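With this note's numbering applied, the sequence shown covers 27 to 447. We put the CB at the ideal spot given by N, CA and C, even for glycine. In this text, all values refer to a predicted model and were calculated from it rather than measured experimentally.
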Amino acid sequence: MGIAGAGSAVAHDADRGTFSVLGWPVVCFDSFHRVELPRRLEGGLGERVAWDVAGRAPIALCMPDGSAYSYVEDRGEVRIVPGVSADAELVVELASGAWQDYLYELRTSRGLVESHAVRFVRGTFADWDTWEPAIRCMYSGTPIYHPEALDLRDLADRPIDLHRDFGTRDEPDEMAHFLRTTGYLVVRQVFDADRVEELAGEVDRIRGLCREGDRGSLWAADPAGRRSPYRLTYLGMRSPRIAALADDPTVRMLCGLAGQDVVAVTDRDSGQIAVLKEFGTAPEPLSIPDLPWHKDCALGGCPITCPRVHVGIRLDAVTQDSSQLYALAGSWGTVAHERYTAEQWARLPVVGMTTEPGDVTVHMGCGMHAGPAATGAARRRTLYVQFDNPRIFDVTNPYESYEHVIPGYDNSGDESVMSWM
């Protein structure tokens with residue numbers, strides 16, 4: 027398997043991530059808002075979104091030529107009003123092409139902002155999250171995450187124990203149902219100590235070859251200023267043992283529990299990755315490598331990249347001390363808010379996964395998940411084997427992730443192009 031030489035660079039053709047290059051039809055901004063969207067709302071979609079924006083100020087989307095429409099919640103109904111509502115909290119101007127990409131979920135609001143495709147006439151990005159799930163539901167039909175209405179049940183129609191774990195001898199149907207319902211799964215003692223040692227040795231070997239500034243690792247500083255890598259990418263391109271995990275029967279079986287049409291990605295979308303949490307003798311939480319709550323498709327491209335299935339092999343014990351993987355139960359396949367208050371978070375079904383070496387987690391990339399700061403000095407190394415929607419190969423080249431084909435997105439600090447010897 028080839029890799030790019032030291033100091034090499036790969037140019038990314040950002041236009042490949044647009045609706046026009048994909049050949050998707052142009053939708054008239056005015057006709058959609060005057061005819062199609064009201065029809066959808068009257069056909070039952072309004073009931074699916076109004077609860078989430080009840081009592082919220084309107085927002086408006088407008089074109090550079092002045093065409094504009096406001097999204098208004100009024101007494102339990104959502105209406106589309108021509109023009110900019112006087113009480114609109116947020117007014118966003120975007121070009122027709124950017125709106126088409128938003129309509130097709132090739133961009134989220136965050137993806138539009140980070141690709142410099144919008145102008146805030148009124149309000150800020152923080153105001154957009156109020157309406158983002160409702161708009162995406164109106165555009166694509168993707169349901170809004172509604173934790174108060176969750177009723178997650180097992181195959182026996184009992185409320186699911188969100189902290190349940192499984193063994194390799196448990197019934198596959200039960201494991202599959204749990205994963206497809208919650209968006210995550212913990213399976214105990216999948217790999218024995220010898221296999222864990224072998225894989226950990228490969229991760230450590232590659233980690234030792236990394237130098238800050240190469241394209242296969244991301245680095246952060248501890249409070250004393252010491253820098254170390256916290257994420258290694260495309261590991262399968264430097265390790266046949268790690269590459270072989272994509273075809274390992276056990277890994278394939280666990281991925282298959284998700285019931286999704288996905289393929290292994292070794293040279294796309296970061297490939298097989300390792301997440302590292304390393305601390306010295308006087309550790310303090312590091313902010314840079316900690317992953318806030320997010321979905322993998324946070325910038326857009328869900329129809330291209332999702333579903334994503336991550337099979338995570340635990341090389342060390344993972345507890346709160348070593349930064350657990352957290353998941354928001356039932357959030358995969360939905361549109362969720364990025365911003366919740368502390369009071370709201372306290373009521374949400376957040377699950378932290380405590381695991382031992384050789385255990386495996388499976389989680390859906392389009393479910394809300396996080397890897398917050400560790401509170402202790404325990405080391406964590408997790409090796410992820412990733413499976414994506416096959417369409418990722420239609421829009422990306424080797425060593426590209428979807429964000430590389432977003433026009434205007436700053437890829438100057440990306441880790442996806444290798445420059446190793």
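Inter-residue CB distance, residue i and residue j (contact presumed, cutoff 8 Å)
i	j	result
L354	L374	6 Å
L181	T208	Going by Cβ atoms, the distance from L181 to T208 rounds to 13 Å, so no, they are not a contact pair.
E119	C88	5 Å
V75	M164	6 Å
E426	R294	6 Å
R162	T156	That belief does not hold up - the Cβ atoms of R162 and T156 are roughly 13 Å apart, past 8 Å.
G384	V222	5 Å
7 Å Cβ shell around residue i - same chain, five flanking residues per side excluded
i	result
Q286	P333, V335
G359	C392
D56	S93
R148	A114, L116, V117
I232	L258, L261, R264, S265
Cutoff 6 Å; reference residue i; Cβ partners in own chain excluding five residues on either side
i	result
E158	S135
S46	none
Y171	S357, T360, A362
P329	E131
S254	E304
E68	none
C281	V335, V337, F413
E382	A343
Residue range of the unbroken beta strand (DSSP E) whose run includes residue i
i	result
D127	Unbroken run through D127 is the alpha helix (DSSP H), 122-129; no beta strand (DSSP E).
P318	317-320
D287	No beta strand (DSSP E) contains D287, which DSSP labels as neither H nor E.
L458	One cannot answer for residue 458 here, as it falls past the ends of the chain, which runs 27 to 447.
Residue range of the unbroken alpha helix (DSSP H) whose run includes residue i
i	result
M394	Note, M394: premise wrong, no alpha helix (DSSP H); not H, not E.
L280	275-282
8 Å CB neighbourhood of residue i in its chain, flanking five on each side removed
i	result
H189	V377
P84	S96, Y97, V98, E99, V107, S111, D113, A114, E115
L176	A355, G356, P375
R257	S243, L244, I299, A300, V301, L302, P315, E441
A121	M89, P90, A143
A152	R365
is_contact[residue i, chain C] using C-beta, thresh 9 Å
i	result
M279	This model lacks chain C altogether; it includes just one protein chain.
Residue burial classification, residue i (beta-carbon count within 10 angstroms, cutoff 16)
i	result
T150	exposed
H389	buried
R267	exposed
C54	exposed
P275	exposed
D127	buried
V213	buried
For this session: Can you check the region 224-252 for any beta strand (DSSP E) of at least 3 residues that lies completely inside it and give the ranges in chain order?
Result: Listed in chain order, the complete beta strand (DSSP E) runs (minimum 3 residues) inside the region 224-252 are 243-247.
Exercise. Where are the beta strand (DSSP E) runs, 3 residues long or more, that stay fully inside the region 144-231, in chain order?
Worked result: For the region 144-231, whole beta strand (DSSP E) runs of length 3 or above, ordered along the chain, are 144-148, 210-214.
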